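Using the numbering used here, read the sequence shown as starting at 11 and increasing by one per residue.
Data first, discussion second: the structure below is written as structure tokens.
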Amino acid sequence: MSWSFQNHHLPSAMASLHFSELITYPALSTFYLFSLALVLLFIYVSGTLISFLVFYLRESLLSNHRPPVIGTVFHQLINFKTLFDYFVKLARKHKTFRMLKPTHCEIYTADPANIEYFLKTKFSNYTKGFNYVVMNDLFGDGIFTVDGEKWQHQRKLASYEFSTKVLRDFSSVVFRQKAAKLVNKVAEMARAAAAVDLQDLLMKSTMDSIFKVGFGVELDTLSGTDVIGVSFSRAFDESNYIIFCRYVDVFWKVKRSLNVGLEAQLKRNLKVIDEFVFQLIQLKREQMGIRDEDETKEDILSRFVLASQKDAMINDRYLRDIILNFLIAGKDTSANTLSWFFYMMCKNPLVQEKIVSDIKEATEFDCGASVDEFACSLSEEVLNKMHYLHAALAETLRLFPAVPLDGKFAKEDDELPDGFKVKKGDGITYLAYAMGRMTYLWGEDADEFRPERWLQNGVFQPESSFKFVSFNAGPRICLGKDFAYRQMKILAATLLHFFKFKLEDKFWVAKYKTMFTLHMDKGLPVVPVPRLCKD
Ligand code: HEM
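Shown next, in the form of structure tokens:
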């Protein structure tokens, strides 16, 4: 059998060809393959859109005690730049609502009772589900993506490690060293130029800290001298962003198969990340083979490598996933929170001064101490006395939660406490960013930055974790919460003790970049003014 191709747009010599002849015209066969790929893509795209339209009509018209449908993934795409504020507007009208995606319905809620129900009461019915598919390329089988046995295994191992005195003491020493280094860097930069991008410095400082605590490695991105560290850091940040974009890009899988656009960039970045992490694991194994155990087992990787010697489940791939997830958990969350905290300090100078007094009272340092002396004085006992600083950090997380929204997927049909029905396969997301701005949760002054709302007689009062959901809640509550507060208090206290911070432009309004974590778009340009003894 021979196939004949007719095409009037082609030169006449090529207009009528037999298949065997195509082989001698490689440009032409590429052309036909490309056309075929375009036709298949067109069929795929239009098929997806038509089935989505049918799904939309069915779900919007049939209510059946389901949360109201108030939009689709395309509304999210249109509002992508200000996505979290778009959800604020929606949550003001409906505590719980639905938006449709081509693959499933997504339920969004700002109702603490519903949140308690799906994060805790009916924990077993709500899993990471679809998140695993989206996040697996970067996060692998790490604690953020897995459920069931794998999650229990990592949670148990990690909870144990985080509760050990060795890790607590080691991390505190690292945080103090990095805080002193950051103060010196800010001083040096302030001498050279009026304004500094504080977010950039905080991101680098927390990256250096988590690397030291996580891997036992001095990365030194703050000084900018570590080329490999900087390229790893860039690959890591870009990958994080691209993975988030998958949630609103219905064609990401097609792009991944064709290796085009952001997906091609992700593939290149993953190669950089994997090479770096596997080398570190190898190095750590070698170091642990030659050194005394006690000397090397302070950092998280060493402790997991030790555990791997008794646990066959922990191979190098699994170690890579565990460690990367800790990096993701600990790197941006603290730096982003601190960036919004310092932004709030600049917008609320009276609060800034109250915190400085709180720090002076707790440390009993007025002025005159060196940076190292001051940082070294920040023991756990001293930090625990800083109630006002703690309240200001909690207030920052209420308005600017590092993870602005987060959710699960339903395994079976269910009913929420507010009476709305959930169907098997539905996504359910809590709106941490929107919740911080709801008057029905925080009163008429919900939009105001007011640390006092967390204090009673000067003592910090925690809120229900289902209402203040910035650290997640239930059995999967953030494992690094105390760790993060300790790190943020050490960095904030050291910086505020030595500098008064002002915005470079006092009318400047910070905006976020829409991604997993609440990253400040275009940095935080501040002017650090050294505090003199008379201050
Ligand atoms: C301000 C800082 C932080 C905030 C706001 C924060 C918030 C969160 C949130 C919202 C989750 C739930 C994510 C999910 O659904 O998968 C989470 C989980 C987690 N966090 Fe944090 N986090 C912070 C810092 C840290 C740090 C410094 C670490 C450790 C180095 C850490 C370790 C973890 C781990 C291991 C989980 C997974 C828990 C599980 O799934 O069982 N976090 N965190």
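Heads up, the beta-carbon is just placed ideally off N, CA and C, and yes, glycines get one too.
Remember, predicted model here, so these are calculated numbers, not experimental data.
Is it true that the segment 145–160 meets the segment 182–194, where meeting means three or more beta-carbon pairs spaced less than 8 Å apart?
no
If I follow the unbroken alpha helix (DSSP H) through M145, where does it start and stop?
140–149
According to DSSP, simplified to helix, strand and coil, what is M530?
The answer is strand: DSSP assigns M530 an E or B state.
Identify whether I80 lies in helix, strand or coil by the three-state DSSP scheme.
strand
Return the Cβ separation of P414 and A442 in integer angstroms, given the expectation that the two are a contact with Cβ distance under 8 Å.
Right, their Cβ atoms sit about 6 Å apart.
Is it buried or exposed for S349, if we count other Cβ within 10 angstroms and need 16 for buried?
buried
When the distance is taken between beta carbons, is A120 closer than 8 Å to M445?
yes
Please report how far the alpha carbon of F470 lies from the alpha carbon of F476, in whole angstroms.
18 Å
Within the present structure, is the beta-carbon of L393 separated from the nearest heavy atom of ligand 1 by less than 7 Å?
no
Who are the near neighbours of V223 in its chain, counting only those whose CB is closer than 8 Å to its CB and skipping five residues on each side?
Only L177, F180, S181, V184, D309, I310, G340 meet the Cβ criterion.
Can you tell which of L399, M354, A379 has the C-alpha that lies nearest to the C-alpha of S367?
L399
Tell me whether L407 counts as near ligand 3, meaning its Cβ is closer than 7 Å to at least one heavy atom of that ligand.
The ligand content of the structure shown is limited to ligand 1, which means ligand 3 is not among them.
Applying the 10 Å Cβ sphere with the 16-neighbour rule, what's the burial state of Y118?
buried
Say yes only if the C-beta of F336 is nearer than 7 Å to one or more non-hydrogen atoms of ligand 1, and no if none qualify.
yes
Assuming R68 and R108 form a contact by the criterion Cβ under 8 Å, report the distance between their Cβ atoms to the nearest whole angstrom.
Actually they are not in contact, since the Cβ atoms of R68 and R108 sit about 13 Å apart, beyond 8 Å.
If we ignore side chains and look at the alpha-carbon of each, how far apart do V282 and A245 end up?
7 Å
Please tell me whether, using a cut-off of 7 Å, the distance from the CB of D179 to the nearest non-hydrogen atom of ligand 1 is below it.
Taking the Cβ of D179 as the reference point, every heavy atom of ligand 1 lies at 7 Å or farther away.
Is L337 near I220, with beta carbons less than 8 Å apart?
yes
Can you tell me whether F493 sits near ligand 1, meaning its C-beta is under 7 Å from at least one heavy atom of the ligand?
yes
With the cut-off set at 8 Å, would you say A200 and E514 are in Cβ contact?
no
Between V519, Y66, A502, G429, which has its C-alpha nearest A385's C-alpha?
For the residues V519, Y66, A502, G429, the minimum Cα distance to A385 belongs to A502.
If you count every other CB in all the chains shown that lies within 10 Å of the CB of L489, and 16 or more means buried, which is it?
Buried, because 16 or more other Cβ atoms sit within 10 Å of the Cβ of L489.
Out of T82, W464, K103, state which residue places its alpha-carbon closest to the alpha-carbon of D259.
T82
What is the rounded straight-line gap between the Cα of K166 and the Cα of N89?
39 Å
Need the endpoints of the beta strand (DSSP E) that M109 sits in, please.
Counting along the chain, the beta strand (DSSP E) containing M109 begins and ends at 106–110.
Roughly how many angstroms lie between the CA atoms of L148 and N250, to the nearest whole one?
Distance between the alpha carbons of L148 and N250: 8 Å.
Classify D492 as buried or exposed, calling it buried when 16 or more other Cβ atoms lie within 10 Å of its own Cβ.
exposed
Which whole-angstrom value is the C-beta distance of L6 and D218, which I expect to be below 8 Å?
Absent from the structure is residue 6, since the part of the chain shown begins at 11 and ends at 545.
Specify the secondary structure class of L441 as computed by DSSP and reduced to three states.
coil
Have a look at S134 and E422 and give me their C-alpha separation to the nearest angstrom.
10 Å
In this structure, does DSSP put D230 in helix, strand or coil?
coil
What residue range does the alpha helix (DSSP H) around E116 cover?
Here E116 belongs to no alpha helix (DSSP H); instead the beta strand (DSSP E) covers 115–119.
Quick one: complete beta strand (DSSP E) runs, 3+ long, within the segment 225–302?
Whole beta strand (DSSP E) segments, 3+ residues: zero.
Relative to the C-alpha of N358, which candidate in K512, F526, R330 has its C-alpha closest?
Nearest Cα to N358 within the set K512, F526, R330: K512.
Is R7 a contact residue of ligand 1, with contact defined as CB to any heavy atom under 7 Å?
Outside the shown range of the chain (11 to 545) lies residue 7, about which nothing can therefore be said.
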